[in-house]
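K.L.:
Below is a structure I'd like to ask you about.
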Amino acid sequence: MNQFLIFLIAFSFNTTSKEQWTEVNTLDETIVLDLKYATKDNFVKEKLYDCPRCFLRPDVAKAVIAAHKELKKKGYGGLKLFDCYRPRPIQRKLWKILPDDRYVANPDKGSMHNRGSAVDLTIVDKKGKELDMGTEFDYFGPEGYHSYTKLSKQVLTNRKLLRETLAKHGLHHIKTEWWHYSYRAKQYELSDWVWGCNKK
Ligand SMILES: [Zn+2]
Numbered sequence: 000m001n002q003f004l005i006f007l008i009a010f011s012f013n014t015t016s017k018e019q020w021t022e023v024n025t026l027d028e029t030i031v032l033d034l035k036y037a038t039k040d041n042f043v044k045e046k047l048y049d050c051p052r053c054f055l056r057p058d059v060a061k062a063v064i065a066a067h068k069e070l071k072k073k074g075y076g077g078l079k080l081f082d083c084y085r086p087r088p089i090q091r092k093l094w095k096i097l098p099d100d101r102y103v104a105n106p107d108k109g110s111m112h113n114r115g116s117a118v119d120l121t122i123v124d125k126k127g128k129e130l131d132m133g134t135e136f137d138y139f140g141p142e143g144y145h146s147y148t149k150l151s152k153q154v155l156t157n158r159k160l161l162r163e164t165l166a167k168h169g170l171h172h173i174k175t176e177w178w179h180y181s182y183r184a185k186q187y188e189l190s191d192w193v194w195g196c197n198k199k
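Residue 68 in numbering that gives the first Met the number 0 is what sits at position 69 of the sequence shown, and the numbering runs on without skipping anything.
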């Protein structure tokens, strides 16, 4: 293949990925990133991402930023993101470590994270401290459910604030994970695209 062709393919791939994906913190750098799968501090205790970057489909990223700004206006620090788009090759790695669909989506079916339309997050106060949501991120048990009410009044208020703020911007909760929200106004395809670590 000649070099011009290679350039063309590389250029078109780059353009496509830019149209399909938004790196969330490029829209607002005050949003806090704490991408647990880029560290060993996660429920499988393995580092799955080469570097911590948060990509979402453009409309989803805009919705997250709108919610973040609303929380800041109310006096909070805004949102802290634990996980965003998760490429399917990474989902396969996760499935290899824990092939149990109670905790991990089967990569052949894929999940909203593999479509770039789900995000795991919490709220931080002005000093950047996480609000008490009753459990850690990725706590798999009834205490992590929205329906679980044997929690302090403050925890229930914090979860409600998260639910209501995100719902206003089209991000909906699921029953079993207080930290997981997905954007359902549009359908997106499963994706195998993996981000690079060189930001140029
Ligand atoms: Zn999630």
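Glycine included, every Cβ here is placed at the ideal spot set by N, Cα and C.
On a predicted model such as this, the values are computed, not experimentally measured, just so you know.
(1) Run the proximity test for Glu176: is its beta-carbon closer than 7 Å to any non-hydrogen atom belonging to ligand 1?
(2) Count the other C-beta atoms from every protein chain shown that fall within 10 angstroms of the C-beta of Tyr102, then say buried if there are 16 or more, exposed otherwise.
(3) Expressed to the nearest angstrom, what Euclidean distance is found between the alpha-carbon atoms of Tyr36 and His171?
(4) Using C-beta distances below 6 Å, list every residue in its chain close to Ala66, excluding the 5 sequence neighbours before and after it, in chain order.
(5) With 16 as the cutoff for other CB atoms within 10 Å, does Ala60 come out buried or exposed?
(6) Which residues bound the beta strand (DSSP E) around Asp58?
(7) Could you give the uninterrupted runs of the alpha helix (DSSP H) lying entirely in the segment 85-112, keeping only those of 4 residues or more?
(8) What whole-angstrom Cβ distance do Leu55 and Tyr84 have, given they're in contact under 8 Å?
(9) Just the C-alpha distance for Ser146 and Gln153, rounded to the nearest angstrom, thanks.
(10) Within 10 angstroms of its Cβ, does Phe139 collect 16 or more other Cβ (buried), or is it exposed?
P.N.:
From the atom records:
(1) As a first step, residue 176 is located in the sequence shown; it is residue number 177 there, counting from the start. It does: the Cβ of Glu176 is within 7 Å (strictly closer) of some heavy atom of ligand 1.
(2) Counting from one through the sequence shown, the residue named residue 102 turns up at place 103. Of the other Cβ atoms in all chains shown, fewer than 16 fall within 10 Å of the Cβ of Tyr102; this residue is therefore exposed.
(3) As a working note, residue 36 is residue 37 in the sequence shown. As a working note, residue 171 is residue 172 in the sequence shown. About 22 Å.
(4) Along the sequence shown, one-based indexing puts residue 66 at 67. For Ala66, where only same-chain residues beyond five positions count, the Cβ hits under 6 Å are Thr164, Leu165, His168.
(5) Here residue 60 corresponds to residue number 61 of the sequence shown, with the count starting at 1. Here Ala60 is buried. Its C-beta has 16 or more other C-beta atoms within 10 Å.
(6) Residue numbering aside, residue 58 sits at position 59 when the sequence shown is read from its first letter. For Asp58, there is no enclosing beta strand (DSSP E); the enclosing alpha helix (DSSP H) covers residues 57-72.
(7) Restricted to the segment 85-112, the alpha helix (DSSP H) segments that are unbroken, complete and at least 4 residues in length are 87-96, listed in chain order.
(8) Against the sequence shown, residue 55 aligns to sequence position 56. Against the sequence shown, residue 84 aligns to sequence position 85. Taking a contact as a CB-CB distance under 8 Å, the pair Leu55 and Tyr84 counts as one, their CB atoms being some 6 Å apart.
(9) By 1-based counting over the sequence shown, the position of residue 146 is 147. By 1-based counting over the sequence shown, the position of residue 153 is 154. The alpha-carbon atoms of Ser146 and Gln153 are separated by roughly 15 Å.
(10) Counting from one through the sequence shown, the residue named residue 139 turns up at place 140. It is exposed - the Cβ of Phe139 has fewer than 16 other Cβ atoms within 10 Å.
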